[in-house]
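Be aware that the sequence shown starts at 6, since it is given in our numbering, and climbs by one per residue.
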Amino acid sequence: MAVQTTASTNESTGSTASPAVDLGPAAALSCRECGHRVPLGPVFACEECFGPLEVAYDFSGHDPESLRKRIEAGPASIWRYAPLLPVPADVAGKPNLNPGWTALVKADNLARELGVTGGLYVKDDSGNPTHSFKDRVVAQALEAARAFGFTTLSCSSTGNLAGAVGAAAARAGFRSCVFIPHDLEQGKVVMAAVYGGELVGIEGTYDDVNRFCSELIGDPAGEGWGFVNVNLRPYYAEGSKTLAYEVCEQLGWRLPDQIVVPIASGSQLTKIDKGLRELIGLGLVEDRPYKIFGAQAEGCSPVSTAFKAGHDVVRPQKPDTIAKSLAIGNPADGPYVLDIARRTGGAVEDVTDAQVVDAIKLLARTEGIFAETAGGVTVGVTRKLIESGALDPSKTTVVLNTGDGLKTLDAVAGTGLTATIRPNLDSFREAGLV
Ligand SMILES: *Cc1c(COP(=O)(O)O)cnc(C)c1O
Ligand SMILES: [Zn+2]
6 MAVQTTASTN ESTGSTASPA VDLGPAAALS CRECGHRVPL GPVFACEECF
56 GPLEVAYDFS GHDPESLRKR IEAGPASIWR YAPLLPVPAD VAGKPNLNPG
106 WTALVKADNL ARELGVTGGL YVKDDSGNPT HSFKDRVVAQ ALEAARAFGF
156 TTLSCSSTGN LAGAVGAAAA RAGFRSCVFI PHDLEQGKVV MAAVYGGELV
206 GIEGTYDDVN RFCSELIGDP AGEGWGFVNV NLRPYYAEGS KTLAYEVCEQ
256 LGWRLPDQIV VPIASGSQLT KIDKGLRELI GLGLVEDRPY KIFGAQAEGC
306 SPVSTAFKAG HDVVRPQKPD TIAKSLAIGN PADGPYVLDI ARRTGGAVED
356 VTDAQVVDAI KLLARTEGIF AETAGGVTVG VTRKLIESGA LDPSKTTVVL
406 NTGDGLKTLD AVAGTGLTAT IRPNLDSFRE AGLV
């Protein structure tokens with residue numbers, strides 16, 4: 006494999022040139038709609054049909070037993086799966102945040118509350134370096150940015166991505182300039198700003214921010230910028246596969262029967278499905294059916310609305326929910342999420358903001374895990390799906406918690422002191438706690 010020096014290619018490398026980039030097993034980009042292939046480059050839309058491009062691999066030559074051993078001997082991070090990701094072989098030695106290999110918590114107390122008998126697990130991605138699953142995807146985009154010679158990292162973000170980009174850029178020596186809706190939670194804003202990059206609030210929704218970034222890419226002002234979720238999106242998206250890999254490895258190289266995944270753009274859900282199918286194809290897990298369930302907040306539920314109505318198209322909504330990290334009204338991968346939920350026998354469901362808050366408290370009270378609002382959405386939807394019978398409580402079920410409750414404290418405001426007393430025993434007795 007050729008060792009890539011960032012000086013030899015740059016952002017002027019278009020889709021038609023064939024740069025000698027080394028992104029490990031990544032062979033090309035291929036169009037999800039028409040299958041048209043182009044060389045690896047900072048492009049995201051098909052030149053034939055405008056469909057989304059995704060990374061195509063050459064996984065030939067792997068024997069399941071030695072691949073499994075190699076992974077198990079690897080680092081306690083996403084890089085144990087480097088042979089399955091669009092990154093150079095020596096990626097683990099480069100400065101990055103080394104995210105992943107987060108806890109898969111056997112949630113027996115929550116299982117009892119919800120009536121799950123087949124084994125309930127919480128994949129707790131709040132344990133990542135910037136406390137959300139976004140470190141996984143940014144780590145892939147960072148390697149692509151290095152390979153294509155970008156010097157500034159950027160993104161449109163609902164909050165967590167801004168922090169993950171800021172931190173990754175700081176560690177790896179990139180400049181960063183990221184864009185968020187101006188009215189995000191204080192915890193998200195501080196987490197994004199503290200790493201020292203530029204943070205720009207835009208007066209509008211996430212969908213407005215995203216449109217702005219697409220304009221910036223086409224403008225000289227955006228030259229040399231790698232937008233992790235726009236022009237680097239094919240690489241970024243692959244990071245979510247590591248959630249699928251980890252869940253299966255942590256279950257003893259076994260597929261879960263059911264997995265509940267939050268939906269913002271829908272990218273994470275589609276790549277979890279891709280990761281599970283890859284493990285089956287590589288012979289690392291037994292080929293059995295699995296069901297993927299999508300979770301949204303009612304105040305931003307374009308995908309669950311389409312699912313329940315039996316539609317194939319997703320009608321955009323104007324978000325109004327406390328689950329701001331999931332507040333994408335026009336989700337790019339929405340139609341693919343519908344396909345996957347239907348193909349696997351899963352479903353897409355939504356919960357109200359009040360149910361989100363209840364679910365955050367339920368998870369905290371039963372398992373000692375403080376989830377952000379997105380985690381409240383997945384736990385709340387899991388409860389609703391069990392009640393409706395869509396989710397089988399006798400099957401192994403994995404619920405994702407993708408972020409940390411400390412970033413969305415407002416959601417549980419009002420939770421606080423049980424009593425205030427004077428510092429003596431009489432006063433304590435009067436409080437009625439004994
Ligand atoms: C970004 C994000 C997601 C999912 O995002 P997709 O765009 O659907 O991939 C889920 N949870 C949290 C906390 C997030 O920040
Ligand atoms: Zn195409």
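Idealized CB from N, CA, C, for every residue including glycine.
Taking 7 Å as the cut-off, the C-beta of Cys-54 counts as close to a heavy atom of ligand 2. Taking each of Gly-154, Asn-101, Leu-289, Thr-407 in turn and checking the Cα distance to Pro-69, the smallest one comes out for Leu-289. Taking a contact as a CB-CB distance under 8 Å, the pair Val-353 and Phe-312 counts as one, their CB atoms being some 4 Å apart. At a Cβ-Cβ threshold of 8 Å, Ala-149 and Pro-91 count as neighbours.
Shortest Cα-Cα distance from Phe-184 to any of Gly-350, Ser-219, Cys-54 involves Ser-219.
In the three-state reduction of the DSSP assignment, Val-353 falls in the strand class.
Put simply, the backbone Cα of Pro-428 is about 12 Å away from that of Glu-435.
For ligand 2, no non-hydrogen atom lies closer than 7 Å to the CB of Glu-190. A Cβ-Cβ contact shorter than 8 Å links Thr-407 with Pro-267. Restricted to the segment 183-260, the alpha helix (DSSP H) segments that are unbroken, complete and at least 4 residues in length are 191-198, 211-222, 238-243, 246-255, listed in chain order.
Distance from Tyr-211 to Thr-163 at the Cβ level is roughly 5 Å; contact confirmed, criterion being Cβ atoms closer than 8 Å. With the rule of 3 Cβ pairs closer than 8 Å, the segment 256-266 counts as touching the segment 292-312. Secondary structure at Lys-276: helix, using DSSP grouped into helix, strand and coil. Look at Ala-418 here: in three-state DSSP terms it is coil, with no helix or strand label. Annotation: the continuous beta strand (DSSP E) that includes Thr-402 extends over 402-406. Proximity of the segment 169-177 to the segment 197-204 meets the contact definition, three or more beta-carbon pairs being nearer than 8 Å. With fewer than 16 other Cβ atoms inside 10 Å of its own Cβ, Cys-54 counts as exposed.
Under the three-state reduction of DSSP, Phe-298 is assigned to strand. In this structure, Pro-267 has its beta carbon less than 7 Å from a heavy atom of ligand 1.
Nearest Cα to Asp-409 within the set Gly-381, Val-386, Asp-27: Gly-381. Judged by the Cβ position, Ser-159 fails to qualify as a neighbour of ligand 1 at the 7 Å threshold, every heavy atom of the ligand being at least this far. Straight-line spacing of the CA atoms in Leu-189 and Lys-74 works out to 44 Å.
Its chain contains Thr-107, Ala-108, Val-110, Ile-374, Asn-406 as the residues whose beta carbon lies nearer than 7 Å to that of Asp-129, once the 5 sequence neighbours on both sides are disregarded; these appear in chain order. In the three-state reduction of the DSSP assignment, Gln-360 falls in the helix class.
Excluding residues up to 5 positions away in sequence, Ala-31, Leu-34, Pro-91, Pro-239, Tyr-240, Glu-243 lie with their Cβ nearer than 7 Å to the Cβ of Val-60 in the same chain. The nearest non-hydrogen atom of ligand 2 is 7 Å or more from the C-beta of Glu-59.
Closest in alpha carbon position to Ile-365, among Lys-400, Ile-333, Asp-338, Val-404, is Val-404.
Per the DSSP secondary-structure output, Val-60 pairs in a beta bridge with Leu-34.
If you draw a 10 Å sphere on the C-beta of Asp-63, you find fewer than 16 other C-beta atoms in it, and that means exposed.
The segment 248-258 and the segment 266-286 touch, with no fewer than 3 CB-CB distances between them shorter than 8 Å. The Cβ atoms of Val-233 and Cys-305 do not sit closer than 8 Å to each other.
When beta bridges are read from the DSSP output, Val-265 appears opposite Phe-298, Val-404. Annotation for Gly-192: Leu-411, Lys-412, Thr-413, Leu-414 place their beta carbon closer than 7 Å to its own, counting only its chain and skipping 5 residues before and after.
In the DSSP assignment, Arg-180 is bridged to Thr-157. Of the heavy atoms belonging to ligand 1, none sits nearer than 7 Å to the Cβ of Ser-219.
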